[in-house]
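Chains E and C are the protein sequences, given in the same order. Quick note: the first sequence, position 240, residue 301 per my numbering, numbers continuous. Quick note: the second sequence, position 100, residue 113 per my numbering, numbers continuous. Cβ atoms here follow ideal geometry from the backbone N, Cα and C, with glycine treated the same way. Just so we're clear, the structure is a prediction, and the values are computed from it rather than from any experiment. Notes to accompany the following structure.
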Amino acid sequence: MKNKRKIIYSLLISIVALAIILAVLIFRSRDGGMSVVFLNVGQGDSILIQHGSQQILIDGGKDGKLLLEKLGKHIPFWDRKIELIIETHPDADHIGGLIEIFRAYEIGSVMKTEMQSQSQTFKTLEDVIVKEKSEVIDATHGVKIKFANKAEAKVIFPFEEIVDVDAKDTNAASVVLKLNYGENSFLFTGDLPSEQEAEIVSNNIDIRSDVLKVGHHGSKYSSSAEFLQAVKPSDVIISVGKNNSYGHPNQDVIQRLLKQGVNIFRTDESGDIIYECRDVASRCLLQN
Amino acid sequence: MRSFFEINPSFLFLLLIFSIILLTIFHRNKYAALAAFIFFTFSLGAWRVESSLQKVNDAEHAGKIFEGAALVIKSSESSFGQNLIIELQQEKMNLLLQVPAYPIFKYGDLLKVACRAERIENKDAEFDYRMYMAKEGILYSCEDKKFEKVGENKGNIFLSGIFDIRDLLEENIKKVIPSPEEALAGGILFGGSGGLSKEIQNDFSRTGMTHIVAVSGYNVTIIAEYLILLGIALGLWRRQAIWFALFGIVMFVIMIGLPASAVRAGVMSGILLWAMKNGRLASSENAIILAGAIMLYINPFLLRWDIGFQLSFLATLGIVVSSPFWEKSFIKKHRALGISETIALSLSAQIFVLPIIAYNFHMTSLISLLANVLILPIVPISMLLVFLVAITGFIFAPLSLALAWLAYLPLYYEIHIIHIMAQFRWASVEIEKVSVSFVVFYYLILIGVIIRMKKIQECKKQIEKQMFGKDALTDRISKGK
């Protein structure tokens, strides 16, 4: 008798708990905002753009375990699908964490260039993409990604398909992406070096953005003064690890940024950097 | 004959502590005979350790070049990639092979290896990595290596199968529960905190909660209880259900890769279940000590170089030795949803392991008791839900997802409570340096207290036996503790 009552009670509690979870789900899915999160993944890049249950993940840092924990924190627990992953270029500090993601989440599509790498990390990731049957989209200038809320991301760079896919300098073919949402704009530059920044500037492409993720973790080979002037950001984000062995970010770059009068935010100092955009008509605000 | 097994382990190295603790528990036996046995087992133990140490120090294979096929028999994550234990097919010798994170190697992979065997180096003065590996039977690492994978599934078919099942179960959990809850789920079910990030692992150790993600007697006992319930629900007789649970425990211990703690926990639960099946209820003290003695005889290095072994052995012993006292004088009077029981059990375990933790980790958690009280009652239900999530993942994915939401609640609670408590500055205190003599002194005092308590207990038991005809032990084991 006593056992039966126990079973009934636990069943009831389970149903109530499920109902509460469902209520929270419904409540949350009505929330029409958008968020851009620069994840603190140590020395590396990873950016999560999220609107409701739609997610784009740009790069994944180098540590899968850490990335999964970060995603668990920012993606609602019931959402087990990431619509799109963008690999800016095949360096370990950008793609290393992505392999683990495939084990935990369903990945809709993968956008990347044809750039190759000899590293085992890259090869394993390529195998996983094939095994999980994710759609592969080639990233070239003009490709657009549309969210349900009219937000739009556009590939700025590379301009055309890459010819020398085995080139040593993988940074030079970094995918550059611009996100527009109402009056707000974000520019994500991967590890793009100054030479290619100049290429973009000379092509007169509209890259003016409110928030710029500076290239290559603030290294001296990126973020030229001309490029910064063309982007005219009010905030810049440096995605960098604490006490990294590369000496990123470079002091000259910091000086250049300060001269522009921008706010500098660093993931090693601030942790995850979150911009919340309530709706299409309002400004995206930095959360802290 | 009984006391022979109980005092068999090679006690020479880790002080007299262990032997004296054992001694107190069997103080009912004839002291003289006991003393003789201690001398005997001491010399036996010393000889065992001596001969094993000799092998480590000789390092006769250092510098030798090995070439040929090798089987991966174990693979684990490390901070820079993977640590593989490989078995050279020709020499039948095990080596450590450190490889990058990708590609991923697993049990049964066949490699073609060429490398030079070198003694394992201690990179960190704080941690004796050489002896840590030596206790696993690994004396050399593979340097200047060249390796490539030439085949897979070349291991024992039965082991491969059981490891594959574990991987699939873990995969099912990962698919529906977000991180870090997913990593905790894997930890409480299969043991291991490897899936948790450094920050969260640190939270766990600051609050003294690491034991819930380590395989211990505690979670094997929970599994055994669930298996018996399941057996009975399936319509088995109680005796058959116990057989069923025994089989389940063996499978479980193999599944998690046969770590020392799981083997010990499995053996203990096994002995208890066996005794229940035969209607002869052995005292749990005997079961633990017997398990410890056998394991030490097989691998004498565990005693000194396996902190996990020391901790789990002492914690379990602490619970078993002091629980009759608590049960009688405290819990009977203050039944508050089992919380007082949790307090009592956590406290007894902590009293027993405190000096070992302080000595090895230079810290001690002050908030541990509160953390245990808030977390432990939720662990069995989390384990059950996580297990159901993993199983239903094979059968019907939407059900697995719904269960995952249920499992997420307690897991979320556990992670966050632990995180909040780890934030208190006084959650744990650093201890500069604990001397060996302090440790010895502490255990001597502890033994004294236990002897006194046992004596008092004995008197009470006598009286109660006359009154109820039932002793505390029967009571305790029938509750499955």
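Name, in chain order, the residues that DSSP records as bridge partners for residue i.
{"i": "T377 (chain C)", "result": "C:V442"}
{"i": "E156 (chain C)", "result": "C:R129"}
{"i": "E100 (chain C)", "result": "C:L84, C:N107"}
{"i": "G164 (chain C)", "result": "C:L123"}
{"i": "D199 (chain E)", "result": "E:K173"}
{"i": "I334 (chain E)", "result": "E:F99"}
{"i": "V112 (chain C)", "result": "C:Q95"}
{"i": "F218 (chain E)", "result": "E:V237"}
{"i": "D296 (chain E)", "result": "E:V272, E:N324"}
{"i": "L145 (chain E)", "result": "E:I117, E:S170"}
{"i": "F247 (chain E)", "result": "E:L240, E:V272"}
{"i": "F322 (chain C)", "result": "For F322 (chain C), which the question treats as bridged, DSSP gives no partner whatsoever."}
{"i": "Q290 (chain E)", "result": "None; Q290 (chain E) has no bridge partner."}
{"i": "Y110 (chain E)", "result": "The residue asked about is misnamed: residue 110 (chain E) is Ile in this sequence, not Tyr. In the DSSP output, where bridge partners are listed per residue, I110 (chain E) has E:V97, E:I117."}
Determine, for residue i, whether the minimum Cβ-Cβ distance to residues of chain C falls below 7 Å.
{"i": "Q181 (chain E)", "result": "yes"}
{"i": "K142 (chain E)", "result": "no"}
{"i": "L3 (chain E)", "result": "Residue 3 (chain E) falls outside the range modelled here, since chain E spans only 62 to 349, and no answer is possible."}
{"i": "R66 (chain E)", "result": "no"}
{"i": "G133 (chain E)", "result": "yes"}
{"i": "T174 (chain E)", "result": "no"}
{"i": "T185 (chain E)", "result": "yes"}
{"i": "E287 (chain E)", "result": "no"}
{"i": "I81 (chain E)", "result": "no"}
{"i": "S178 (chain E)", "result": "no"}
{"i": "E130 (chain E)", "result": "yes"}
Rounded to whole angstroms, what's the CA-CA distance from residue i to residue j? Just pull it up for me.
{"i": "G94 (chain E)", "j": "W318 (chain C)", "result": "55 Å"}
{"i": "E330 (chain E)", "j": "K303 (chain E)", "result": "8 Å"}
{"i": "L419 (chain C)", "j": "I74 (chain E)", "result": "10 Å"}
{"i": "F99 (chain E)", "j": "I108 (chain E)", "result": "5 Å"}
{"i": "L259 (chain C)", "j": "E184 (chain C)", "result": "26 Å"}
{"i": "L360 (chain C)", "j": "P368 (chain C)", "result": "14 Å"}
{"i": "P191 (chain C)", "j": "K126 (chain E)", "result": "11 Å"}
{"i": "V126 (chain C)", "j": "I298 (chain E)", "result": "46 Å"}
{"i": "I388 (chain C)", "j": "R219 (chain C)", "result": "14 Å"}
{"i": "V226 (chain C)", "j": "V280 (chain C)", "result": "19 Å"}
{"i": "K239 (chain E)", "j": "Q316 (chain E)", "result": "25 Å"}
{"i": "S173 (chain C)", "j": "V189 (chain E)", "result": "22 Å"}
{"i": "R69 (chain C)", "j": "L152 (chain C)", "result": "The sequence shown places Val at residue 69 (chain C), not Arg. Their backbone Cα atoms lie some 6 Å apart in a straight line."}
{"i": "I186 (chain C)", "j": "I464 (chain C)", "result": "47 Å"}
{"i": "L294 (chain C)", "j": "V333 (chain C)", "result": "Because L294 (chain C) carries a pLDDT of 45, less than 50, the predicted location of this residue cannot be relied on, and no value is offered for it."}
{"i": "L330 (chain C)", "j": "F322 (chain C)", "result": "12 Å"}
{"i": "D225 (chain E)", "j": "P151 (chain E)", "result": "14 Å"}
Using a Cβ-Cβ cut-off of 7 Å, state whether residue i counts as contacting chain E.
{"i": "W418 (chain C)", "result": "yes"}
{"i": "Y239 (chain C)", "result": "no"}
{"i": "K187 (chain C)", "result": "yes"}
{"i": "Q479 (chain C)", "result": "no"}
{"i": "S23 (chain C)", "result": "Any answer about S23 (chain C) is weak, because its pLDDT of 39 lies below 50 and its placement is not dependable; what the coordinates show is given next. Output row for S23 (chain C): interface = no."}
{"i": "P116 (chain C)", "result": "yes"}
{"i": "S413 (chain C)", "result": "no"}
For residue i, which residues in chain A fall below 9 Å Cβ to Cβ?
{"i": "F138 (chain E)", "result": "The structure shown has no chain A; the protein chains it does contain are E and C."}
Can you say whether residue i is buried or exposed, counting buried as having 16 or more other CB atoms within 10 angstroms of its CB?
{"i": "F409 (chain C)", "result": "exposed"}
{"i": "G221 (chain C)", "result": "buried"}
{"i": "D122 (chain C)", "result": "buried"}
{"i": "Q257 (chain E)", "result": "buried"}
{"i": "P113 (chain C)", "result": "exposed"}
{"i": "Y120 (chain C)", "result": "buried"}
{"i": "E194 (chain C)", "result": "buried"}
{"i": "W250 (chain C)", "result": "exposed"}
{"i": "W139 (chain E)", "result": "buried"}
{"i": "I285 (chain E)", "result": "Here residue 285 (chain E) is Ser; the residue named in the question, Ile, does not match the sequence. Its Cβ being crowded by 16 or more others within 10 Å, S285 (chain E) is buried."}
{"i": "D13 (chain E)", "result": "Nothing about residue 13 (chain E) can be read from this structure; chain E reaches only from 62 to 349."}
Near residue i, which residues of its chain fall below 6 Å by C-beta distance, leaving aside the five closest residues on each side in sequence?
{"i": "I110 (chain E)", "result": "V97, I117"}
{"i": "N351 (chain E)", "result": "Residue 351 (chain E) lies beyond the residue range present for chain E, which begins at 62 and ends at 349; the question has no answer from this structure."}
{"i": "T182 (chain E)", "result": "A153, G157"}
{"i": "E161 (chain C)", "result": "K125"}
{"i": "I245 (chain C)", "result": "A254"}
{"i": "Q321 (chain E)", "result": "L289"}
Between which residues of its own chain and residue i is the CB-CB distance below 8 Å, once the five residues before and five after are set aside?
{"i": "D141 (chain C)", "result": "N135, W318"}
{"i": "D230 (chain E)", "result": "P254"}
To which residues of the same chain is residue i closer than 7 Å at the C-beta, ignoring the five residues directly before and after it?
{"i": "P393 (chain C)", "result": "I235"}
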